[in-house]
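In what follows, a structure is listed as structure tokens, so that the remarks can point back to it.
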Amino acid sequence: MLKQSIVALALGSSALMAGPALADHLNIATDGIQVDGDTVTIPSVLIDEPGFVVIHEVLDGQPVVPASIGNAYVEGGTTDSVEITTEYPLEDGADYIAMLHYDTDGDGKYSFGDGMTDVDTPALNTEDAPYVQPFTAGDSMM
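Numbering-wise, the sequence shown is residues -23 to -1, 1 to 119 according to mature numbering (1 follows the signal peptide of the UniProt record, and there is no 0).
Following this line, the structure appears as structure tokens:
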């Protein structure tokens, strides 16, 4: 249901689109994702330039953006076992999204957010929509 909501949002507003098939330069592997309290471990991330993996809440089927609850810096290329510390423990059964952002100012610090949406901008898939992958905390992702 979460994936359908995000895809519906993307098709309706071009705001978000999930799916690794839409971007060969971007990928967030969610099979085997682990959530342990306030730590999310993503098995593998591919991004073509240095950037960030960012975790957003999903409320009422909609991603909460630009606000985020955690991020981790990654170099360009493939990075395995990316650990992201969130602001609080994730709730079992709650929906979240992982989104890729570029480090556009090159400082290694995630700056995108309310009032700062022109720096560290989302990485876009081939449809020019932010690259995201939904996941549910506590679900077996294997």
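In this text, a Cβ means the ideal position worked out from N, Cα and C, and glycines have one as well. Bear in mind that the values here come from a model prediction, so they are computed numbers and not experimental data.
Buried or exposed, going by whether 16 or more other CB atoms sit within 10 Å of the CB of residue i?
i: D37; result: exposed
i: M93; result: exposed
i: G47; result: buried
i: D8; result: exposed
i: A114; result: buried
To the nearest angstrom, how far is it from the Cα of residue i to the Cα of residue j?
i: A6; j: V109; result: 11 Å
i: G85; j: D69; result: 30 Å
i: P40; j: S58; result: 24 Å
i: I61; j: D95; result: 23 Å
i: D97; j: T103; result: 19 Å
i: V12; j: P43; result: 22 Å
With C-beta atoms as the reference, is residue i less than 8 Å away from residue j?
i: V35; j: I74; result: yes
i: H33; j: S21; result: no
i: A106; j: L3; result: no
i: T56; j: D15; result: no
i: F89; j: I10; result: no
Report back the beta-carbon spacing between residue i and residue j to the nearest angstrom; my notes put them in contact at under 8 Å.
i: Y65; j: V31; result: Not confirmed; about 15 Å, so no contact.
Flag this pair as touching only if the stretch 76 to 92 and the stretch 13 to 29 have three or more C-beta atom pairs under 8 Å; answer yes or no.
-> Touching, yes.
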